[in-house]
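Enquirer:
Residue numbers (my numbering), protein chains in the order written: chain S, 1 to 921; chain V, 922 to 1045.
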C-alpha cells in the first residue's frame, strides 16, 4: 500500500524540481546560453498539447472505439507538418505588433477592437473550462486510485463523488498556486516566461518517458510483445472490431471533423498560442518543430492501442479504461512504474493547467478587466497610481477564478462524460476562432463587424448544441429541452438541429457552428467596409512578410516625453519605463530623454511598449488619454490624405473627401486671386481715370491762362486756342460720362428700357448717323441687311451705342480716302449677328484680347493718337454681355478687322438686369 | 543765340500750349510725340531744356531722361518732367532718373515759365 503522504511528498518533490528548472532557466534567460534558445525546447513545449486527456484518455478512447483516438493527434501533426507557414506568419505578426495573447491577436487584426478582444476572451475562458475540469478530474482520480494501491478499485461514480470533489478542489487550488508562482512571478508582466517554458518542456519529456515506460512494460513485460496482444484481442469478438477503423456508422465523418478540430486546436487553444507564438524566441525553431513535434505525437501514441487492449484483456468489466495506464502496473504490483505514471499524469495535467491559466489570465486582465477600468475612469484623463501591482493582482485573481470555475464545471458536468468527450467540447469552442483568425490572416476584406458576428454566431451555436446538452446530461436542467427541443419544436433540438440527426454531438455541432460562423463572417464583412484602423491592421497582418521595418505611426498628436514616461511607468514600472525611453532616445542620437521630440514616432513607440503588456486595444486607448489631439489644418489633412493614398487603396470615402477638399481649395485660391486681381484693376482704373482727366484739364488750364495773360493776343491764335479749350472740355465731359456709364453697367445699376426692336432699323439709323464722319474722312460704307429678321428684346439706346462705337472705331482706323467699311446683319441659330468690317490697320493678335479692356488703346504706335477715351469697347462688351450675346474681333494687321456681336433671340428678355427697372421706353 | 527747348508730349493740345509759352519767352522749340522720336532728335537738336512728359508712347519720359543723363555730350541739357499722374512717387522717380525739375499737370503757366527760365539761367 502506498501511503498518501508518500504520494503527496512525491508530487511536491516533483513540483519543486520544476521550480528549480524554471528558476535556473530564468537566471540564464536572455543570455547566450539561454535554455530555451534550443529549438528542441520549443518543440517539446509545443507538446503541452498532450495533457491528462492524452495521458489517460487516449487509452480510454481506444478501449471504446479502437483507432478512433488517432484524429486528435493526426490533426496537429498535419498542421505542423503542412501548415508550418501559417504558424510562422502568426509568430511574425505577433512580434511586429507585440501581441500578448490569442485575444490580443484577433483584436489587433480587427482594428484593435476592444469588443473583439473581449469576445475572444469570453469564448476562450468558457470554452476551456471543460478542458480544465478534465485535468482536475484526471489528477483527482489518479490520486484516488493510487491511494488504493495495490487494490484496483476505481472510484464508483455516484458513491465516491463527495470525496473526489474534495480531492479535485485541492488539486484545483494547488494548481492555481503553481500557475501563479510560474506565470505571474515577475512585475514585468509583459515579458516572456522563459522559466515556465523550460519547465513545460521538461514536463513534456517526463510524460513521454512515463507513457513509453508503461507502454513497454505492458507490451513486453505483461505480454510478449504487440503480436501477442493483438493476437489475443483478435480472438475475442468484442475486441477485434477495435482494430478496424471506420467500423462504426458515421465514423468517417467523425474522423474528418476530429482531425479538423484538432488542427484548429493546435493553433487556437490559448496555451498552444502561448507556447507556439508568444513564447517563441526564434522563428527558425518552427523548422525543427516540423519534424520533432510529429515524432513526439507518434511516440506518445504508439502504445495506446496495446495498453487499451491489454487492459481490456486483463480486467473484467468495471475498471474505467481511462485509468488503464495506472491500474495495469498497479495490478501487477509494479510500484516504480505506477509512481512514474502518476508523475507523468501530473506532468501532463499541470503543464496544461499552468500555461492555459496564465494565457487566459492575461486575456481576462487585458481584454475584460482593463477596458472596464479604463471605461470607469474615462472622466479623468490622467491614469494615476502604479498599475503594475494592480495588473499582477488581476492576473492572479483570474487564475484562481478560472480554476474555481473549472472545478465547478467538473462538479456540475464532469462526471457524465469520458475525458475525451470533455476535451472535444473545448476543442469545438476554440474552433470558433478559426474563421476570424485564419481568414483575417490572409484576407484583408474581413471586417471587425464580420469578426464579431462570426464569433458571436459560432459561440452561440456551440453553447446551444454542445454545452447545454452537456449540462442537461448531468441532470442539471434543460433535459426536457434537449430531448424534445424548445417548446417541443423538434427542428430546434440542440442535438439534432433542423433535423440533422444520426451524427455524434461533436460532428453535429461543428457542422452547424462552422456554417453559421463562416456565413456570418463572410456576409457581414462583404456587406460592410472596414474602417481606417482596421485596414491598416489588416495590411499589417496580411502583408507582414512584405513589410520592412515597423508600422507607420498612426498618431497625429503630440505629447511630452515626460507624460509618456509617467504613463509607461504605471504599467511597466518606473525604472523600466525610464530605461526604455532612454534607450529610445539614445538610438535616435539624443543624450537624454530631454532631447526627444514629442511626436507621432514617440507615441507609437510608447503604444508598442504598452501593447506588449496590456494588449493593443488597451494600449491604444491608454496612449490616447495622454496624447493631446490637435485640430487638423488643411496641410495636415493633405499630408494624411497623401500618406493614406500611399499605403492604402481602400478609402473611396477618403478619396471623395480629398477631391472635395482639393476642388474647394482650388476654387478658394482662384476666388482669392480673382479678388486680388479685381482690387488691382480697381486701383489701376482709378489711377488711369485720374490721368485721363488731368490731360484735357491741363490743356484747358494752360490755354485759359494764356488767354488771360495775353489780352492782346493775335486773333487767329486766340480763336485757335479757344477752339482747343472747347474741344478739350468736350473730351472731359465725354470721359466723365463714359466712366460713369461703365461704372453703372458693371454694377448693374444702369437702367434698361427693354422693348421689342427691329435690329435692321437700328443698324440703318446708326449708319446714317455716322454718314457725315465717313464722308468727311472719305471712307465708304455699305450695309447688307436681310429682308426681314425676327424682332429682338433689347434697349434701343444701348444697341445703338454699340453700333455707333463700332462704326466710329472702324472709320477711325481706316486710311483716309481709301477706307471701306461693310456692315452685315445675319440670322444664326438662336441669335442675330452684326458684323462691322473695315480695311484699316488691323490689330496684332496679341492685342486682340486687350482692346476690350478699359483704357487699352492700341493706337499708340500710330503717329496720330486716336481720339477717344479708351472705354468704348469695354462699354460695348459690357452691354452685349448684358443682352446675353457676345462681342469679339477677327483681325489681321494691315488687312483690317471684323468686329462681330450677337443678340440672342430667346434670352434677350432674360438678360434684363432686374424686372423692376425694366420698363418700355 | 536763343535757348533751344525740346517738347516731348503726345497730347497735341498740350504741345500747342507749351510751344506757345516757350516761343513767347523767345526760345527756339521743337516738338516730338513719342520717346523714340525724342531720343532720335537729341544729338542733332542739342536742346538746352527738355519738357518731358512721362507717359510717352514707344519710350517713356524716364527712359528718355536716363538716356540724356547717360550721354556726355548732353551734359548741359536740363530736363523738366511733366506728369499727369501726380503721385508722390513720380517726383522721386523723376529725380532718380536724373531730371532737374518736376511739375505736375495741370500746371500754372507762369510757374512753368518761371521754372524753365530758372533752369536755363543756371545753364551757364
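Using N, Cα and C, we set each Cβ at its ideal position, and we do this for glycine too.
Would residue 444 of chain S and residue 561 of chain S be called neighbours here (beta carbons separated by less than 8 Å)?
Expert: no
Enquirer: On a CA-only basis, which of S:23, S:544, S:184 and S:113 is nearest residue 398 of chain S? Give me that one, please.
Expert: Comparing Cα-Cα distances from residue 398 of chain S to each of S:23, S:544, S:184 and S:113, the minimum goes to S:184.
Enquirer: List, in chain order, every chain V residue whose beta-carbon is nearer than 9 Å to that of residue 851 of chain S.
Expert: Counting only Cβ-Cβ distances below 9 Å, residue 851 of chain S has no contacts in chain V at all, with the closest Cβ about 16 Å away.
Enquirer: Using DSSP bridges, identify the partner residues of residue 582 of chain S.
Expert: The partner list for residue 582 of chain S (beta bridge, DSSP) is empty, contrary to what the question assumes.
Enquirer: I'd like to know if the stretch 79-88 of chain S and the stretch 365-376 of chain S are in contact, where contact means that at least 3 CB-CB pairs between them fall below 8 Å.
Expert: no
Enquirer: Cβ of residue 983 of chain V less than 8 Å from any chain S Cβ?
Expert: no
Enquirer: Pull up the distance between the alpha-carbon of residue 793 of chain S and that of residue 686 of chain S, whole angstroms please.
Expert: 34 Å
Enquirer: Which residues, taken in chain order from the stretch 962-993 of chain V, show a beta carbon closer than 8 Å to some beta carbon of chain S?
Expert: 976, 978 and 979
Enquirer: Which whole-angstrom value describes the C-beta separation of residue 1040 of chain V and residue 999 of chain V, a residue pair presumed to lie in contact below a C-beta threshold of 8 Å?
Expert: 4 Å
Enquirer: Could you check where the alpha helix (DSSP H) with residue 271 of chain S kicks off and where it finishes?
Expert: 270-273
Enquirer: Residue 545 of chain S: buried (16+ other C-beta within 10 angstroms of its C-beta) or exposed?
Expert: exposed
Enquirer: According to DSSP, is residue 900 of chain S helix, strand or coil?
Expert: strand
Enquirer: Looking only at C-alpha atoms, which of S:267, S:277 and S:213 sits nearest to residue 328 of chain S?
Expert: S:213
Enquirer: Give me the Cα-Cα distance between residue 838 of chain S and residue 668 of chain S, rounded to the nearest whole angstrom.
Expert: 43 Å
Enquirer: Check the Cβ of residue 706 of chain S against every Cβ in chain V and list those closer than 8 Å, keeping chain order.
Expert: 938, 941, 942 and 1030
Enquirer: So what does DSSP say about residue 834 of chain S, is it helix, strand or coil?
Expert: strand
Enquirer: If contact is defined by three or more beta carbon pairs under 8 Å, each pair taking one atom from either stretch, is the stretch 6-15 of chain S in contact with the stretch 305-313 of chain S?
Expert: Fewer than three beta-carbon pairs drawn from the stretch 305-313 of chain S and the stretch 6-15 of chain S are found closer than 8 Å, and the two stretches are therefore not classed as touching.
Enquirer: Can the beta-carbon of residue 429 of chain S be found closer than 8 Å to that of residue 104 of chain S?
Expert: no
Enquirer: Measuring only between beta-carbons, confirm whether residue 932 of chain V sits less than 8 Å from chain S.
Expert: yes
Enquirer: Taking 8 Å as the threshold (beta carbon to beta carbon), is residue 697 of chain S in contact with chain V?
Expert: yes
Enquirer: Mind checking which residues open and close the alpha helix (DSSP H) that includes residue 107 of chain S?
Expert: 102-109
Enquirer: Can you tell me where the alpha helix (DSSP H) with residue 784 of chain S in it begins and where it stops?
Expert: Element bounds for residue 784 of chain S: not the alpha helix (DSSP H) but the beta strand (DSSP E), 780-784.
Enquirer: Measure the C-alpha to C-alpha separation of residue 813 of chain S and residue 957 of chain V and round it to an integer number of angstroms.
Expert: 22 Å
Enquirer: Give me the DSSP bridge partner(s) of residue 1025 of chain V.
Expert: V:1004
Enquirer: Since I believe residue 510 of chain S is in contact with residue 267 of chain S (beta carbons under 8 Å), could you give me their beta-carbon distance rounded to a whole number of angstroms?
Expert: At roughly 16 Å, the Cβ-Cβ gap does not stay under 8 Å, so residue 267 of chain S and residue 510 of chain S are not in contact.
Enquirer: Quick one: grab the DSSP three-state call for residue 969 of chain V.
Expert: coil
Enquirer: List, in chain order, every chain S residue whose beta-carbon is nearer than 7 Å to that of residue 1005 of chain V.
Expert: 691, 694, 695 and 698
Enquirer: Using the rule of at least 16 other Cβ atoms within 10 Å of the residue's Cβ for burial, across every protein chain shown, is residue 919 of chain S buried or exposed?
Expert: Note that residue 919 of chain S has pLDDT 40, beneath the 50 cutoff, so the model's placement of it is unreliable and no number is given.
Enquirer: Would you check whether the ligand SAM has a heavy atom nearer than 7 Å to the C-beta of residue 1034 of chain V?
Expert: This structure lacks the ligand SAM, and indeed carries no ligand of any kind.
Enquirer: Can the beta-carbon of residue 114 of chain S be found less than 8 Å from the beta-carbon of residue 107 of chain S?
Expert: Against a cut-off of 8 Å, the Cβ pair of residue 107 of chain S and residue 114 of chain S comes out as a contact.
Enquirer: So for residue 194 of chain S, helix, strand or coil by DSSP?
Expert: helix
Enquirer: List, from N- to C-terminal side, the alpha helix (DSSP H) runs of 4 residues or more that fit wholly inside the stretch 799-851 of chain S.
Expert: none
Enquirer: Closer than 8 Å by beta-carbon distance: list the chain S residues that pair up with residue 898 of chain V, in chain order.
Expert: Because chain V in this structure spans residues 922 to 1045, residue 898 of chain V falls outside the shown range and cannot be described.
Enquirer: Strictly under 8 Å for the Cβ-Cβ distance: is residue 728 of chain S near chain V by that measure?
Expert: Answer yes: the Cβ-Cβ gap between residue 728 of chain S and chain V drops below 8 Å somewhere.
Enquirer: How about residue 465 of chain S and residue 495 of chain S: do their beta carbons lie closer than 8 Å?
Expert: yes
Enquirer: Examine chain V for any beta-carbon lying closer than 8 Å to the beta-carbon of residue 602 of chain S, and answer yes or no.
Expert: no
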